[in-house]
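One rule links them: number in the numbering used here = place in the sequence shown (from 1) + 6. Cβ coordinates follow ideal geometry from the N, Cα and C atoms, glycine included. Everything below concerns the one structure shown next.
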Amino acid sequence: MKVSDLAEELGLPPSAVLDQCQRFGIDAGWAGAELSGADLVVLRAELANAEDPIDLRPADAGESAAAAEGDDGDAAVVPVVESEAAPVDAGPAVPPTAVSSMPEAAGAPAVEPEPAGGGFRMAGMTGAAPPVTTIQRKPEEERRKTEARVDHSVRTAIFALVVGVVALGAAELLRNAWSIWALWLLGAAALLIALWNANMGRRHVTTHPEKAKGLVLSVAAMVLAVGGLVVVGTSAYASIGDAPAADAPLGLGNRESVASARWGYQRLRRVASEGWNRPAKDAGTCWSESASVERDPQRIESGTVQEPCGQAHSTEIIDVYAYDRDADSAYPGREALQADVQERCGDAAERALNPSDGQAVEGLLFAEVPTRDGWANADHDVACAIVTATRQGRLADS
7 MKVSDLAEEL
17 GLPPSAVLDQ
27 CQRFGIDAGW
37 AGAELSGADL
47 VVLRAELANA
57 EDPIDLRPAD
67 AGESAAAAEG
77 DDGDAAVVPV
87 VESEAAPVDA
97 GPAVPPTAVS
107 SMPEAAGAPA
117 VEPEPAGGGF
127 RMAGMTGAAP
137 PVTTIQRKPE
147 EERRKTEARV
157 DHSVRTAIFA
167 LVVGVVALGA
177 AELLRNAWSI
187 WALWLLGAAA
197 LLIALWNANM
207 GRRHVTTHPE
217 KAKGLVLSVA
227 AMVLAVGGLV
237 VVGTSAYASI
247 GDAPAADAPL
257 GLGNRESVAS
267 ARWGYQRLRR
277 VASEGWNRPA
287 KDAGTCWSES
297 ASVERDPQRI
307 ESGTVQEPCG
317 QAHSTEIIDV
327 YAYDRDADSA
337 YPGREALQAD
347 VQERCGDAAE
357 RALNPSDGQA
367 VEGLLFAEVP
377 TRDGWANADH
387 DVACAIVTAT
397 RQGRLADS
């Protein structure tokens with residue numbers, strides 16, 4: 007109930023009610039202020055039709071003057087002097103049955119309990135305060151929050167290490183030089199990433215052990231990455247160096263992948279020096295002799311000028327192959343190469359010189375092979391050539 011409502015109920019102006027509120031220490035400073043139940047009890051009793059105002063003194067205040075005992079035990083009587091006080095306009099008198107006539111019996115005003123939901127009240131607010139919501143974290147969430155996990159950099163290092171190892175392993179299964187070089191480059195890049203992230207993870211774990219773990223994994227990844235980089239570096243050096251691959255440390259140059267990669271690199275260097283032309287002639291081409299054309303000093307060949315097979319020529323190439331693909335293999339000698347040509351191309355030459363449905367042609371099988379210097383310079387190509395008298399047309403057409 008508000009002050010104005012109580013004043014209307016009692017037929018009094020609101021100012022009279024506010025005066026009594028100030029008297030009793032009730033927190034109400036204007037006509038619209040809310041009054042509690044205890045405040046209403048006190049104010050109704052005070053503002054009821056009574057002739058005497060409420061005595062707000064403590065119950066034992068009238069007994070403060072007491073007799074004092076002397077040494078002989080007689081009580082000293084203190085006379086009570088009644089003085090006539092000025093009348094105080096305290097409003098209507100309170101009946102003897104009113105609560106205000108016995109303040110010691112009324113006790114302290116009742117205090118409303120705090121709302122169960124917690125929170126706080128604002129000025130002029132009625133009813134229960136809005137509850138304060140407290141988010142309770144589940145124990146499992148707390149455990150996940152505080153439990154240290156393997157550092158992200160360590161996980162990245164492990165993944166990159168696996169990629170590098172797989173790339174190096176796949177290179178050992180291939181014989182194509184350029185595929186091997188590509189896998190070596192991929193493996194080296196992955197191992198560098200693994201080494202970098204493993205070191206970063208090691209620093210994170212040692213700096214914040216309460217948040218991250220994986221120190222053993224990071225150290226192991228670093229060791230394996232360094233070992234893999236040593237393998238890649240040694241293999242690449244053995245492939246491009248002038249010394250034989252077998253001289254590489256730790257026997258790493260004796261692998262098939264190193265031999266294939268070395269052959270590809272040496273061959274590329276030789277072809278580049280020849281204007282991107284391979285040393286041997288192409289199969290199916292026809293050639294004639296010319297004294298004005300200088301022969302290749304690193305090959306033993308017949309015919310120096312390429313001619314259309316429909317024009318006069320004396321040499322026709324029926325097959326070209328590599329004797330081996332080992333850049334460090336020893337030179338077998340011209341006789342061994344000629345014997346290999348006879349074994350490999352003998353039947354084809356016989357069919358070309360003696361066709362079943364044509365006239366036989368006089369000729370011989372000739373092996374165009376590299377010299378010792380050419381062999382050392384990555385030229386292991388052997389060409390099967392048929393040398394005849396000067397003629398026109400292909401042997402297959404005769």
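Environment of residue i [buried if 16+ CB atoms lie within 10 Å]
i    : result
D445 : The chain is shown only over 7 to 404; residue 445 falls outside these bounds and no answer can be derived.
H386 : buried
A48  : Before going on, a small fix: residue 48 reads as Val here, not Ala. V48 should be labelled buried.
M7   : exposed
S21  : exposed
A71  : With a pLDDT of only 41 at A71, under 50, the local geometry of the prediction cannot be trusted, and the value read off the model is given with reservation. It is exposed - the Cβ of A71 has fewer than 16 other Cβ atoms within 10 Å.
I164 : buried
N203 : buried
I186 : buried
D330 : exposed
A333 : buried
L370 : exposed
P285 : buried
E90  : Since pLDDT at E90 reaches only 49, below the 50 mark, its modelled position is unreliable, and the value read off the structure follows with that caveat. Its Cβ having fewer than 16 others within 10 Å, E90 is exposed.
A39  : buried
V222 : exposed
V326 : buried
E15  : exposed
N383 : buried
V23  : buried
A252 : exposed
A173 : buried
A342 : exposed
Through-space distance from residue j to residue i, alpha-carbon basis
i    : j    : result
P250 : A188 : 22 angstroms
R273 : P361 : 37 angstroms
L235 : T377 : 38 angstroms
P321 : A196 : Going by the sequence as given, residue 321 is Thr instead of Pro. Roughly 52 angstroms between the two C-alpha positions.
Q312 : R268 : 32 angstroms
G239 : R397 : 55 angstroms
L368 : A395 : According to the sequence provided, residue 368 is Glu. The question's Leu does not apply to it. Computed Cα separation, rounded: 8 angstroms.
Q317 : A289 : 17 angstroms
G17  : A54  : 10 angstroms
Q344 : L256 : 38 angstroms
G259 : P338 : 22 angstroms
S10  : L46  : 12 angstroms
D379 : H319 : 29 angstroms
V229 : I246 : 26 angstroms
G281 : R400 : 28 angstroms
W381 : V277 : 13 angstroms
L167 : L198 : 9 angstroms
A366 : W293 : 20 angstroms
A6   : L41  : The displayed coordinates of the chain run from 7 to 404. Any statement about residue 6 would go beyond what the structure contains.
M35  : P19  : The sequence shown places Gly at residue 35, rather than the Met named in the question. Rounded to whole angstroms, G35 to P19 spans 14 angstroms at the Cα level.
G193 : S308 : 46 angstroms
Q304 : F372 : 17 angstroms
G233 : T162 : 18 angstroms
R63  : G43  : Note that R63 scores a pLDDT of 48, beneath 50, so its modelled location is shaky; the value from the coordinates is reported in the next line. Taking the straight line joining both Cα atoms gives about 23 angstroms.
K287 : A336 : 23 angstroms
Proximity of residue i and residue j at Cβ, strictly below 8 angstroms
i    : j    : result
I306 : V375 : yes
I324 : A354 : yes
E52  : Q26  : yes
A200 : G170 : yes
V347 : V388 : yes
W190 : S241 : yes
T291 : R301 : no
A254 : Y271 : no
S224 : V237 : no
C315 : R350 : no
Entirely within the region 15-54 and at least 4 residues each: give me those alpha helix (DSSP H) ranges in chain order.
-> 20-29, 43-53, all fully within the region 15-54.
Is there contact between the region 180-187 and the region 253-272, where contact requires at least three CB pairs shorter than 8 angstroms?
-> The answer is yes - the region 253-272 touches the region 180-187, with three or more Cβ pairs under 8 angstroms.
Touch test, the region 156-172 against the region 202-209, Cβ-Cβ under 8 angstroms, three pairs minimum | Yes: the two stretches touch, three or more of their Cβ pairs being nearer than 8 angstroms.
Please specify which runs of the alpha helix (DSSP H), each continuous and at least 4 residues long, are wholly inside the region 197-223, giving them in chain order.
-> List check, alpha helix (DSSP H) in window: nothing returned.
4-residue-minimum alpha helix (DSSP H) runs that sit fully inside the region 228-279, ordered along the chain = Given a length threshold of 4 residues, each whole run of the alpha helix (DSSP H) inside the region 228-279 is given here in chain order: 262-279.
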